[in-house]
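Start counting at 1 in the sequence shown, then tack on 675, and there's your number in the working numbering.
For glycine and all other residues, C-beta sits at the position ideal for the given N, C-alpha and C.
A quick note: this is a predicted structure, and the numbers were derived from the prediction, not measured.
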Amino acid sequence: MSEIQVEAGIKEVFSKYKGETKELIPILQATQETFGYLPEEAMKGIAQFIGVPESHVYGVATFYEQFYFTRRGKHEIKVCYGTACHVKGATRVVETFERELGICHGETTEDYEYSLERVACVGACALAPVVVVGKKVYGNVAPGKVKGILEKE
Ligand code: FES
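Next comes the structure, spelled out in structure tokens:
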């Protein structure tokens, strides 16, 4: 993402806020909604806008798992790695996604189509192993179902 794109996007985000310190989290959320992650240039701008050190903005953003600092794929694949899913074969599911996408978990494909992550229990243990893509939940995911999921997404 170019600096100019970030500048334009962040101006648009700031136009909806007053620049008060208490607006930090909503501003971070709006920034991430705009870019899909929190670009470095945007973090600097946010610090200036609300008048706090950049380290404070990073401190808050890193505290919450919802924020990302690198660009994510259009489709975020989350493979549950909680106990129930792990016992039912989540490792093989992750490995199959890794093979199909040519990336490791925690990475994004070069074309920014897919990101792959292992996450803690998503609360659907009865359906283990579970994969979440965006708002869609796939249950009982055997490695053989991975290709089908990618084709649907
Ligand atoms: S352990 Fe995977 S949904 Fe609970």
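Give me the residue from the options with the minimum Cα distance to residue i.
i           : options            : result
residue 816 : 824, 809, 810      : 824
residue 802 : 722, 698, 764, 708 : 764
residue 770 : 821, 800, 698      : 821
residue 719 : 746, 739, 682, 798 : 682
residue 725 : 813, 773, 700, 759 : 700
residue 808 : 775, 748, 732      : 748
residue 723 : 746, 708, 698      : 698
residue 710 : 744, 732, 693, 728 : 744
residue 780 : 786, 772, 787      : 772
residue 827 : 677, 703, 789      : 789
residue 677 : 760, 797, 796, 746 : 746
residue 810 : 776, 750, 703, 693 : 750
residue 819 : 797, 774, 795, 798 : 774
Do residue i and the ligand FES come close, with the Cβ less than 7 Å from some heavy atom?
i           : result
residue 732 : no
residue 758 : yes
residue 798 : yes
residue 779 : no
residue 722 : no
residue 803 : yes
Assign residue i to one of three DSSP states: helix, strand, or coil.
i           : result
residue 713 : coil
residue 694 : coil
residue 733 : helix
residue 678 : helix
residue 701 : helix
residue 687 : helix
Mind reading off the beta-carbon distance from residue i to residue j? Whole number of angstroms is fine, and I expect it under 8 Å.
i           : j           : result
residue 713 : residue 742 : 6 Å
residue 791 : residue 785 : Contact flag wrong, Cβ pair sits at about 13 Å.
residue 754 : residue 806 : 5 Å
(message) Please give the ranges of any beta strand (DSSP E) in the region 743 to 827, keeping only runs that are unbroken, at least 3 residues long and fully inside the region.
(response) Complete beta strand (DSSP E) runs here, min 3: 750 to 755, 789 to 794, 806 to 808, 811 to 813.
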